[in-house]
Amino acid sequence: MKRLNDFVVKFANVNGSGSASANLLFAKSLFRMGLGVVPKNIFPSNIQGLPTWYEVRVTQAARRARRGGVDVMVAMNPQTYAQDLAEIVEGGYLIYDSSLPRPFPRDDINVLGIPIARMCADAYLNPRERQLFKNVVYVGALTALLDMDFKVVRQAVRDRFKGKAKLVDPNIEALKMGRDYALKNFKCPLPVRVKPGKAPKDRIMITGNEATALGCVYAGATVAAWYPITPSTSVAEAFERHAKKMRLDGDGARRVAVVQAEDELAAIGMVIGAAWNGARAFTATSGPGISLMGEFLGLAYFAEVPFVLINVQRGGPSTGMPTRTQQSDITTCAYASHGDTKHVLLFPGDPKECFELTADAFDLAERLQTPVIVMSDLDLGMNEWVCGPLEWDDARVHDRGKVLDAEALETGPEFQRYGDVDGDAIPYRTLPGTHPSKGAFFTRGSSHDTYAAYTEDGQVNAENLDRLTRKFATAEKLVPKAVIRRSSQTGKLGVINFGSTQAAVREACDLLARDGYKLNAMRLRAFPFGREVAKFAAGHDRIFVVEQNRDGQMRALLITEAGIPAEKLVSVLNYDGMPLTPDWVRGKIAASIESDKSVAAAMQLSVRAM
Amino acid sequence: MTFMKKPNVRHPGLRKNELGLTRRDYEGLLSTLCAGCGHDSISAAIIEACFEMDLPAHRLAKLSGIGCSSKTPTYFLNQSHGFNSVHGRMPSIATGANLANRDLIYLGVSGDGDTASIGLGQFCHAMRRRVNMIYIVENNGTYGLTKGQFSATSDRVSKSKKGEANLFEAIDLCTLAIHLGAGFVARGFSGDKEGLVPLIKAAFHYKGFAFLDIVSPCVTFNDHAASTKSYDYVRAHNEAMDRLDLVPEREEIIAQAEEGKTVTVRMHDGSLMRLHKLDDTYDPRDSESALTTLRKRYSKGQVVTGLLYIDDEDADLHTLLNTTAQPLNAVPMSDLCPGNAQLAKINKSLR
């Protein structure tokens, strides 16, 4: 088996053993060598002891999807030897800690034993060091086996431990220990190896949550309230980390307030209170938090309070799979809360878009005076992705929406909080404290007239609900458009997807085109759907809707909200909690097309027979 | 009475405050509560206090949850922004609003259902966070809007209007507030306006979480002979612990207080609060003594009123979070958005 710059390495570790840092070092070094890397952290809901895996696909720069299959397995966890062994492709490699040598019942793979524990026991006295450096030793061995540029790896260690100089040398020593063992005992490099690639120099490696947090900083969010929940926690933590650095006034005080709330209800309540009072505010959560926030989401929709909600989706229902990915909150977020409610949703496709769409979300929320939900997911949020650099246009003006100041209240027409003055169904609002005698109103979740006064007049309430429907039509024009990628002008087959599945679907389309199936692809970026969505559907006979949930939630939304005929939309569904692979998507779509062909052929035959 | 519009008639001789406003300028819409409801007396006391303090009403935000009490912000301070939120969640709305603009005054109005049951968690956490606000519970021991169920502040010995016994112990909100870090804890009685107005004023001057538990009889469902939250019961068992004088910063103190009987507290806005103790056995600056007094008197069936506890530590949520002095909602975007050059540095660190 020969593989140059195109293989998968998987690390099987024990959670809490310090492997994450070494594995990231491995991925980062390959990234710095100009290669495409797709790291996936497959971790348990646990602090210490359970199995955890880290998978790195090495590929050409443009590829960003997980591949599936393992060419090189670094098996450091005896608990999962059997499972890990089974995953290795024929001709692949198993690297294991041979301090206690053992046989592996497969003769179609290559087994490389390195006595890692023994080497560390000999080299270190401190038990914690003996454990931690085991991880660095296997990375060291890989640098020789895969022909990695050792200078790059060494530099990555220096950068990793910047400011902790004491840690640099021991780590490099441990790397060398593994590297020297491999050079001495194996024929290095293996036929599976790398050589420096030519990826664009400006690429970055970042998690979606980090990029989302930066989007909040750049959007000018000043109040964040949140409750810890996997996989969204790192959004709030990264926001606080960045804001504490970049938001200091002359006296060292902060131009930001971050509160870890007592629960998700309080988190969203604080955000609504702050947004009502004119601050840009957000919260970040995942499925269970969304359920808890339902009542407040309805209030914000009905009282028209603008804020941003980041939903980093995980496996459901209920507590579900907290450390696995899904896109299964589409329906619940689109219609969150009782009564007739609808929310604006944005679907970023990679971390760069997490940054951009999160910043846009604040503008949209204030322009539309409604909550905007950014629909990320665990794969996008918690895994490192390689993408283009984040960019900010310094000429950009934050859209603060329709807020009347004291002068406007003084000179303008009589203030009606919920009146449709401009014909776009978006009303004007005022902030508390603006004017001594004009512009005060009562925000409420109970039915209200255009002056925000309580009313039980059903007609008045119906008119207000109608205006909210018209406001949603305005939203349709403002949200980011779907991205359409055509491989054929005349083809009648299409595929629709959204969010983190983009990487796999795009690669799958290329594979399908190679097989002779040319599909036009549309990536949704927002709900409500723009006109281009129905138009795309009208131009195609059969459209595959790829999504990571059981019930085809986006397909249902497309049928209900974009009026696309149900028979056109074929669900391609995955809900095993793992990021999609292009091969899986290709297989599902090809099989469906093939079966259609056979059905069509059979029908033609039967017609002829008649 | 919702069909009636409040007439906009003013007597030319009405007294004006320093802002040139009359008491009427601090009123709200006509109350839709039952005639004689204790809550309306509390609204009147709030109006009185704000008028006398020369408060610019638009610099105050009134916040509430759901229930009879939570409706009352409509009935006072028409020039203030109001937020009638969802049931039990006013504390989080108030916390967020306060974070966005530390310069306004936040007046939360809640009830015993809204605070002691559905909203107990948020109430507790707002106190431990030392949110700078005035939090009033209009406590009638019953669910009025849903027609008379027991609330969590109903005393065990109290009975419903239909004569049903209450099975569960009452939650004493003042005790809880002292335990959880509210710096200003007082109890008032809606039937005692003279005692109530100074308490409300003092709460306005306090920086931090000022809690006012105001017993406010429900004339429709909980004003009968077997109730411990009826006008008659509270009048008969009310034990006033102190009487308050609030001396604004600009006024000189003339009268000498009687040694040992008067406690003087300098409020954070510079004004002085003088507390004339009617009971020598406790010190309102000592939380242990306040808790003991509350417990002892409660076991005797007494309803103690007055300022029960005050902690003059000067630290609210903003102090703890080290937020900038400028209200966050007024910081210009140029100070919030770090710009592309900074982003280029961040990109570099991600390579």
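Just so you know, the sequences run in chain order A and B.
Mapping of the first sequence onto the working numbering: residues 1 to 610, in sequence order.
Mapping of the second sequence onto the working numbering: residues 1 to 351, in sequence order.
Ideal Cβ placement from N, Cα and C applies to all residues, glycine included.
Query	Result
Closest residue to Cys50 (chain B) among B:Val263, B:Gly65, B:Asn17, B:Leu63 (Cα-Cα distance)	B:Asn17
Proximal residues, the stretch 209–226 of chain A versus chain B, C-beta separation under 9 Å	Glu210, Leu214, Val217, Tyr218, Ala219, Gly220, Ala221, Thr222, Val223, Ala225
Heavy atom of the ligand COA within 7 Å of Ala49 (chain B) beta-carbon	No copy of the ligand COA appears in this structure; indeed no ligand is present at all.
Beta carbon proximity, Asp42 (chain A) to chain B, threshold 8 Å	The amino acid at residue 42 (chain A) is misidentified as Asp; the sequence shows Ile. Not closer than 8 Å to any Cβ of chain B, the Cβ of Ile42 (chain A) fails to qualify, so no.
Alpha-carbon spacing of Gln155 (chain A) relative to Ser29 (chain A), whole angstroms	9 Å
Alpha-carbon spacing of Lys352 (chain A) relative to Lys147 (chain B), whole angstroms	55 Å
Distance between Arg586 (chain A) and Leu94 (chain A) (C-alpha atoms, nearest Å)	28 Å
Inter-residue spacing [alpha-carbon to alpha-carbon] between Phe441 (chain A) and Phe76 (chain B)	12 Å
Candidates A:Ala62, A:Ala566, A:Pro103: closest to Pro78 (chain A) by CA position	A:Pro103
8 Å Cβ cutoff, Asn101 (chain B) in contact with chain A	yes
Phe282 (chain A), buried or exposed, once every other Cβ within 10 Å from all chains shown has been counted against 16	buried
8 Å Cβ cutoff, Ile204 (chain A) in contact with chain B	yes
Start and end residues, beta strand (DSSP E) containing Gly306 (chain B)	303–310
Chain-ordered residues of the stretch 48–77 of chain B with a beta carbon less than 9 Å from chain A	Pro56, Ala57, His58, Arg59, Leu60, Ala61, Lys62, Leu63, Ile66, Lys71, Pro73, Thr74, Leu77
Contacts that Glu173 (chain A) makes with chain B (C-beta to C-beta distance below 7 Å)	None at all; the shortest Cβ gap to chain B is about 26 Å.
Short CB-CB distance (under 8 Å) between Gly144 (chain B) and chain A	no
Sufficient close CB pairs (3 or more, under 8 Å) joining the stretch 164–176 of chain A to the stretch 68–85 of chain A	no
Beta strand (DSSP E) segment containing Ser571 (chain A), residue limits	569–573
N- and C-terminal bounds of the alpha helix (DSSP H) containing Met177 (chain A)	165–185
Residues from the stretch 302–325 of chain B in contact with chain A, defined by Cβ distance under 9 Å	Leu317, His318, Leu321, Asn322, Thr323, Thr324, Ala325
Where Val219 (chain B) falls, given that 16 or more other Cβ within 10 Å makes a residue buried	buried
Chain-ordered chain A contacts of Thr95 (chain B) [CB-CB under 9 Å]	Ala225, Val259, Ala261, Ala266, Gly269, Met270, Gly273, Ala274
Per-residue burial, Asn520 (chain A) [other beta carbons within 10 Å of its own, 16 or more giving buried]	buried
Proximity test, Cβ basis, 8 Å: Glu295 (chain A) and chain B	yes
Supposed close pair Gly188 (chain B), Thr305 (chain B) - CB separation, criterion 8 Å	6 Å
Beta-carbon separation (whole angstroms), Thr323 (chain A) vs Phe43 (chain A), contact threshold 8 Å	5 Å
Selection of the stretch 391–424 of chain A by Cβ proximity to chain B, strictly under 9 Å	Glu391, Trp392, Asp393, Asp394, Arg396, Val397, His398, Arg400
Inter-residue spacing [alpha-carbon to alpha-carbon] between Ala224 (chain A) and Leu320 (chain B)	15 Å
Top-ranked residue by Cα proximity to Gly121 (chain B), from B:Lys6, B:Thr324, B:Tyr143, B:Met90	B:Met90
Chain A within 8 Å of Asp358 (chain B), Cβ atoms only	In the structure as shown, chain B starts at 1 and stops at 351, and residue 358 (chain B) therefore has no counterpart that could be examined.
Inter-stretch contact (C-beta, 8 Å, three-pair minimum) for the stretch 479–494 of chain A and the stretch 508–525 of chain A	yes
Check whether Gly298 (chain A) and Thr331 (chain A) have beta carbons under 8 Å apart	no
When A:Val56, A:Thr59, A:Val38, A:Ser19 are compared against Ile47 (chain A), the one with the closest alpha-carbon	A:Ser19
Helix, strand or coil at Leu591 (chain A) according to DSSP, with G and I counted as helix	First, the residue type needs correcting, since residue 591 (chain A) is Ala and not Leu in the sequence shown. Residue state, collapsed to three classes: helix.
CA nearest to the CA of Gln459 (chain A), picked from A:Tyr451, A:Thr469, A:Ala452, A:Ser447	A:Ser447
Limits of the unbroken beta strand (DSSP E) element including Val546 (chain A)	542–547
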